[in-house]
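Numbering (my numbering), first residue to last: 17 to 128. Every residue, glycine too, gets a C-beta built ideally from N, C-alpha and C.
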Amino acid sequence: MQNRNLSKFKIWLLAIRPKTLPAAMAPVIAGTSVAIRNDSYKFLPAFGALMGALLLQIGSNLANDLFDYLRGVDREERLGPLRVTQAGLLSTQEIRIGMYLVFGLAICVGVY
């Protein structure tokens with residue numbers, strides 16, 4: 017993969033690790049299914065729970081990328097998917113701001 021030719025959008029998409037998002041969605045979908053079965057489903061709380069879960073997962077992915085890089089855990093020889101900070105695609109400042117923004121949005125959703 018030519019890392020240097022990626023758009024910022026694609027780089028951020030790599031950073032949020034979309035493949036991990038179903039793990040955040042599964043418990044919310046299960047809970048929503050129970051609510052539907054018990055005739056107590058309400059759209060806004062279910063949607064808020066889903067958005068909160070997704071935002072927390074994305075924030076955790078960004079935090080993992082940042083702090084693994086800062087601790088020196090993510091090195092050239094590591095196995096697994098690309099880490100954007102280690103690859104030099106995003107700076108630690110960019111990841112930190114993104115992480116704070118996403119966790120801030122999760123707090124806003126949680127306050128609802």
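Check	Outcome
Residues near residue 17 by beta carbon distance below 7 Å, same chain, minus five either side	Unreliable positioning characterises residue 17 in this predicted model, as indicated by a pLDDT of 48, which lies under 50. A coordinate reading is not provided.
The region 78-95 touching the region 41-60, judged by at least three CB pairs closer than 8 Å	no
Endpoints, alpha helix (DSSP H) assigned at residue 57	No alpha helix (DSSP H) contains residue 57, which DSSP labels as neither H nor E.
Segment contact, 8 Å Cβ cut-off, at least three pairs: the region 103-110 with the region 62-76	no
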